[in-house]
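Numbering follows numbering that gives the first Met the number 0, in which position 254 of the sequence shown is assigned residue number 253; successive positions increment by one, without gaps.
Since the structure comes first, as structure tokens, the remarks are kept for the end.
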Amino acid sequence: MNSKVFVNRTLNLKRIKYIGLDMDHTLIRYHAEEFEKLSHTVMKEKLIQNRNYPEQIRKFNFDYELAIRGLVIDRKKGNILKLNRHSAIRLSFQGLNALDFKTQQKIYHSTYIDLGTPDYMAIDTSFSISLANLFMQLVDLKIKNPTLQLPDFSVIADDVLEALDEGHRDGTLKDTVKKDLKTYIIKEPELVAQLEKYKLHGKKIFIATNSDFYYTKLLLDYAINPFLKNHKDWSELFEFVITSAQKPRFFTDELRFLKVNPQNGTMTNYFEKLKPGVYQGGSATTFTKDLGLQADEILYIGDHIYGDILRLKKDCGWRTAMVIEELEKEIAQNKKAQPINNEIDDLMRKKEPFEDQLTTLMTNRIENEHSVAENVIEELQKQINEVDSQISMLIKKQVGLFNQHWGQLMRAGNEESYFAYQVDRYACVYMAKLADLFALSPRTYFRAPRKPLSHELVD
Ligand SMILES: [Mg+2]
């Protein structure tokens, strides 16, 4: 069967006893573009109202194509970067303009950047596209209008991030969603049926979300309850619902669980061993211990590389699965790109003998003092250049199939993107949506493909 679940590390679902789900963008899918647009609007308003940004930024349009996930902000220089797996810069923008390779080289003497320094900010929030979008627009405005005296780039970066946090904290974002669930939330009846099927196989399913109880209840009432067949309410389907979980701290610290009364949302202290129910806070350590589980008997599925996956894998030992909603489109476009990639490979092979000849000639000239006619060298060089220009045209065509500014999500040129590297390193399996996993049997054995190292590719 053609599985839509992709495997980085072998995972035997038979061994998994508990499956944990993040809620927002994992169990409950949003109409991403609408939601990013909303967050763009909320951030603009917060900047105008709380941080004295000029009224004219209200006119900034949201452009869903302007950024992709996994980009990095250079706080000092105001640039946005796309990195490959070695943290080398592969593409860069200043404001709304792409930096050409020469300019980029001038600015960054080394292409490798140190993500550990505070100068760089990886945009791995759930709203990375709107955040990058607004940052690029503000940088552009600052550069073009020095008289506006906008703050330094690093302050703009902090302000935008803070505005987003405020929008989350004070409920502005969620209040808008609450009022118009239809615009923002996707209903998936098939997924609910699949979850019930998993329960039939004895799998325990739980939710661990950073959203508070009331918002969680609202979404579950809306997107889960209407489609339940074997259960009356989501609180029966899910063994545990852990709200306001404070991930990633949930995976690293030992915060206390509070018991939530699902009837009215009131909370009480809880000191006993965990029993099925609705909670707030808590920790993965207590969860694993109280239920008498081994860490690798729990699979946690989320969409946020830092909050859901990376810290968990580093500190907690649960197995991980990541939802990457862009994947569906990326795979479709990869298929379209295949014939172009083949043409590029053919041209590369065509170029090789010319390059070999040139190398031999030049080596002979130096080592054996052979005289080589200049026109022979020129002719070879000309042929190489011709092939190169054909290749670069094809590369443009290939990139054009993906995001027009940033290309593929999972690749940076020939290499993996930094985002893909993190997925590869921390997610045991990954897929475009939760239903791709739950469509498979709860007894599936996911086998990791053998990935050849360079030296193993020798004929
Ligand atoms: Mg999420």
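Note that beta-carbon positions come from the ideal geometry of N, C-alpha and C, so glycine has one too.
Asked, Found
"Three-pair Cβ contact test at 8 Å for the stretch 78 to 98 versus the stretch 432 to 447", "no"
"Spatial neighbours of ILE67 in its chain, beta-carbon cut-off 6 Å, leaving aside the 5 residues before and after", "ASN402, TRP405, LEU408"
"Nearest-angstrom Cα separation, counted from ASP345 out to LEU133", "41 Å"
"Every unbroken beta strand (DSSP E) within the stretch 226 to 276, with a cutoff of 3 residues, ordered by chain", "239 to 242, 256 to 259, 266 to 268"
"Rounded C-alpha distance that separates LEU70 from LEU130", "10 Å"
"For SER129, the three-state DSSP class (helix, strand or coil)", "helix"
"Where PHE134 falls: helix, strand or coil (DSSP)", "helix"
"Per-residue DSSP class, three states only, for GLN279", "strand"
"Helix, strand or coil at GLY19 according to DSSP, with G and I counted as helix", "strand"
"Three-state class that DSSP yields for THR464 in the structure shown", "Coverage of the chain is limited to positions 0 through 458, which leaves residue 464 absent and any answer about it impossible."
"Residues that DSSP places opposite THR319 in a beta bridge", "TYR299"
"Candidates ALA431, GLU271, LYS181, GLY276: closest to VAL259 by CA position", "GLY276"
"Exercise answer, beta-carbon shell around ligand 1 heavy atoms below 7 Å", "ASP21, MET22, ASP23, HIS24, THR25, SER125, GLY301, ASP302, HIS303, ASP307"
"For ASP113, three-class secondary structure by DSSP", "coil"
"Extent of the continuous beta strand (DSSP E) run through TYR429", "428 to 430"
"Of the residues MET321, GLU414, GLY306, the one placed nearest LEU298, counting alpha carbons only", "MET321"
"Among LEU439, ASP179, GLN421, nearest to ASN7 - alpha-carbon criterion", "GLN421"
"Within 8 Å, strictly: CB atoms of LEU90 and CYS427", "no"
"Candidates LYS202, PHE34, GLU373, VAL371, of which the one nearest THR175 by Cα", "PHE34"
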